[in-house]
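Residue numbers (the numbering used here): 2 to 394.
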Amino acid sequence: MTNETAAADTAAAEEPIAERLLIDLDIDIGPWLPDGLQPFWAFLQDYPLLLVLILAALGYAIGKGLQWGLRHLLSRLTRRTESDLDDRLSRFLTKPVVHTTVIIALVAAVKSFGFDEVADRFMVRMLFTFLILLWGRAWFHATTLVIGVMARDTQRFSAFQPRTRPLFEMGLKLVLISVFIWLFMALWDIDGTAWLASAGVVGIAVGFAAKDTLANLISGVSIIADAPYKIGDYIVLDTGERGVVTELGMRSTRLLTRDDVEISIPNAVMGNAKITNESGGPAIEHRIRIPVGVAYGTRPAKVVEILEQIANDNELTVKQPAPRARMRAFADSSVNFELMAWIRLPEQRGLVQHQILMEIERRFSEEGITIPFPQRDIHIRSSSLETAGKETG
Numbered sequence: 002m003t004n005e006t007a008a009a010d011t012a013a014a015e016e017p018i019a020e021r022l023l024i025d026l027d028i029d030i031g032p033w034l035p036d037g038l039q040p041f042w043a044f045l046q047d048y049p050l051l052l053v054l055i056l057a058a059l060g061y062a063i064g065k066g067l068q069w070g071l072r073h074l075l076s077r078l079t080r081r082t083e084s085d086l087d088d089r090l091s092r093f094l095t096k097p098v099v100h101t102t103v104i105i106a107l108v109a110a111v112k113s114f115g116f117d118e119v120a121d122r123f124m125v126r127m128l129f130t131f132l133i134l135l136w137g138r139a140w141f142h143a144t145t146l147v148i149g150v151m152a153r154d155t156q157r158f159s160a161f162q163p164r165t166r167p168l169f170e171m172g173l174k175l176v177l178i179s180v181f182i183w184l185f186m187a188l189w190d191i192d193g194t195a196w197l198a199s200a201g202v203v204g205i206a207v208g209f210a211a212k213d214t215l216a217n218l219i220s221g222v223s224i225i226a227d228a229p230y231k232i233g234d235y236i237v238l239d240t241g242e243r244g245v246v247t248e249l250g251m252r253s254t255r256l257l258t259r260d261d262v263e264i265s266i267p268n269a270v271m272g273n274a275k276i277t278n279e280s281g282g283p284a285i286e287h288r289i290r291i292p293v294g295v296a297y298g299t300r301p302a303k304v305v306e307i308l309e310q311i312a313n314d315n316e317l318t319v320k321q322p323a324p325r326a327r328m329r330a331f332a333d334s335s336v337n338f339e340l341m342a343w344i345r346l347p348e349q350r351g352l353v354q355h356q357i358l359m360e361i362e363r364r365f366s367e368e369g370i371t372i373p374f375p376q377r378d379i380h381i382r383s384s385s386l387e388t389a390g391k392e393t394g
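Listed below in C-alpha cells is the structure:
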C-alpha cells in the first residue's frame, strides 16, 4: 500500500506540471509516419547522429520549398505595386521559414537520443528559444523597413515623419519585445504574474513622476498628426507670443520672434492653445489692413486713388491680388477708409505698415488732404457765470 500510495502521489504531482506547460514540447514524428516507413525509422533510431543529419537535411529541403512557394505567391500578389517594399518584406518574413523547419526536425531528432526528461526538455527549449530569436530579428527588420518607407512618404502618412520615426519604432518594438518575452516565459514555464504586477507598479510610479513629459510627448504626436502648423509658418498664440516655427520636436515647439529671440513652448501648452497660423490657407501671402481717416469735404475718389497708388508703389506688397481701398464709415470727426494689401511674408507686416503710413502722410500733405483728430466744442453760458459770481460775493 505504501508503494502504491507513493506512486499515486508522484503521478498527482507530475500531472499539474504537465498541465501548466503552455507549449507542448513532446514532438515525436514516429507515430505520424506511414507503416511502410516504421522499420526505417526504427533502424535510424539506433544511429542517432545519422538520424540528426537526415532530419536536418529533410527539414532544410522542406523549408526551402516552403520559402520558395511563399515568395512566389507573394511576388504574384504584389506584382502590380510600384515600390520594392513588398519584395523586401517578403524576404525578411520568409527567411526564418527554413530555420523553423530545421529546428522542428532537430527537436524531433532529440527524442531519439534517449535523454532523461529534464535534459530532453532543456534541449528542446533551447532550440525553440533560438527560433524565437530568429523570428524576432526578422520582425524587427520588417518593422524598421516599413516605418522608414512611411516616414519618407509624408504626403500619404503625415504622422510618420523623420522626427517621429524613433517614437514609432520604439513603440512597435516594445510591443514585439513584449510578445516574444511572453512566448519565452511560456516556453520555459515561467509564471509572469509577479513580473506583471511589478511592471504595473513601476509603470504607475513612472507615470506620476513623468506626467508632464508624457503629456508633452502625446501632444507632440497629436500636433504632428493634426498639423496645425509646420516648420516655417508664422503663428500667433492667444497668449501673445508670435514668431516663425523653427523646430517642431517631440517635447516642445520653438518660435523665432521678430526680436530674434527663440522661445521654447511645451507641446502640452501648444496642444491646448488657440493658434492663429498666418501662413496657413491656400496661399502663403498675408493681407494687412490700414485704417485711414480724412476730413469731411475731401473727395472720396481722390482718397481711394492715392491709397491704392501708394500700396502699388511699395516694393513689399503683392500686385496680384491688387491692393484695394474702401470707404468704411462716416465717423464723428472724419470719413473713414481702409487700405487692404497683400504681402509675401507675415513677418513683414510691421515694416510694410510703417512704409505705407509714412507715404500716406507725405502724399496727403502734398495733396492738401487733412487727417482730422477728434474735436469737442465747449459752450459756456454767461448766465451761469453771473449766478456763480453772485453766490460767491
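Just so it is clear, CB atoms sit at the ideal spot from N, CA and C, and this is done for glycine as well.
Keep in mind that this is a model prediction, so the values were computed, not measured.
Chain-order list of residues whose beta-carbon lies under 7 Å from that of residue i (same chain, five-residue window excluded)
i, result
"residue 348", "235, 245, 259"
"residue 72", "91, 95"
"residue 403", "The structure shown does not extend to residue 403, since the chain is modelled only from 2 to 394, so the question has no answer here."
"residue 277", "236, 237"
"residue 272", "220, 223, 224"
"residue 337", "292, 294, 329, 330"
"residue 311", "357, 360, 361, 364"
"residue 297", "336"
"residue 322", "343"
Contact check, residue i vs residue j, beta carbons under 8 Å
i, j, result
"residue 353", "residue 308", "no"
"residue 315", "residue 357", "yes"
"residue 305", "residue 343", "no"
"residue 139", "residue 93", "yes"
"residue 373", "residue 335", "yes"
"residue 325", "residue 286", "no"
"residue 185", "residue 145", "no"
"residue 327", "residue 339", "yes"
"residue 188", "residue 122", "no"
"residue 299", "residue 361", "no"
"residue 275", "residue 333", "no"
"residue 290", "residue 359", "no"
"residue 104", "residue 132", "yes"
Chain-order list of residues whose beta-carbon lies under 8 Å from that of residue i (same chain, five-residue window excluded)
i, result
"residue 242", "256, 258, 264, 266"
"residue 248", "232, 254, 255"
"residue 376", "334"
"residue 7", "With a pLDDT of 46 at residue 7, under the threshold of 50, the modelled position of this residue cannot be trusted; read the value that follows with caution. Excluding positions up to five away in sequence, the list is empty."
"residue 288", "341, 342, 343, 344"
"residue 142", "93"
"residue 80", "none"
Cβ neighbours of residue i in the same chain (closer than 6 Å, five flanking residues each side left out)
i, result
"residue 10", "Because the pLDDT of residue 10 is 48, which lies under 50, any placement of that residue in the model is unreliable, and the number read from its coordinates should be weighed accordingly. Once the five neighbours on either side are set aside, residue 10 has no close Cβ partner at all."
"residue 75", "91"
"residue 135", "97, 100"
"residue 124", "111"
"residue 382", "none"
"residue 378", "none"
"residue 200", "none"
"residue 63", "102"
Cβ separation of residue i and residue j, assumed to be a contact under 8 Å, to the nearest whole Å
i, j, result
"residue 137", "residue 177", "7 Å"
"residue 218", "residue 252", "7 Å"
"residue 150", "residue 128", "Contact flag wrong, Cβ pair sits at about 34 Å."
Near the ligand SAH: residue i beta-carbon under 7 Å from a heavy atom
i, result
"residue 243", "As presented, the structure is devoid of all ligands, the ligand SAH included, so that no description of it is given."
State whether the stretch 60 to 67 contacts the stretch 95 to 111, with contact taken as three or more CB pairs (one from each stretch) at a distance under 8 Å.
-> Using a C-beta cut-off of 8 Å, the stretch 60 to 67 makes contact with the stretch 95 to 111, since at least three inter-stretch Cβ pairs fall below that distance.
Which runs of the alpha helix (DSSP H) spanning at least 4 residues fall entirely within the stretch 287 to 341, listed in chain order?
-> Every alpha helix (DSSP H) of 4 residues or more that sits fully in the stretch 287 to 341 is shown, in chain order, as 301 to 314.
Could you tell me whether the stretch 248 to 268 touches the stretch 213 to 223, where touching means 3 or more Cβ pairs closer than 8 Å?
-> With a cut-off of 8 Å on Cβ pairs, the stretch 248 to 268 is in contact with the stretch 213 to 223, counting three or more such pairs.
How about the stretch 42 to 50 and the stretch 88 to 95: do they share at least three Cβ pairs that are nearer than 8 Å?
-> Taking one beta carbon from each stretch, the stretch 42 to 50 and the stretch 88 to 95 have fewer than 3 pairs nearer than 8 Å; the two do not touch.
With contact counted as at least three CB pairs below 8 Å, one residue from each stretch, are the stretch 50 to 58 and the stretch 110 to 122 in contact?
-> Result yes; three or more Cβ-Cβ pairs closer than 8 Å.
Minimum length 4: unbroken alpha helix (DSSP H) runs contained in the stretch 218 to 283 = The stretch 218 to 283 contains these whole alpha helix (DSSP H) runs: 268 to 273.
Enumerated in chain order, which unbroken segments of the alpha helix (DSSP H) with a length of 4 residues or greater are wholly contained in the stretch 75 to 159?
-> With a minimum length of 4 residues, the continuous alpha helix (DSSP H) runs that stay inside the stretch 75 to 159 are 86 to 111, 118 to 153.
Residue ranges of each alpha helix (DSSP H) run of no fewer than 4 residues wholly in the stretch 35 to 74, ordered along the chain?
-> If we require 4 residues or more, the alpha helix (DSSP H) runs fully inside the stretch 35 to 74 come out as 39 to 46.
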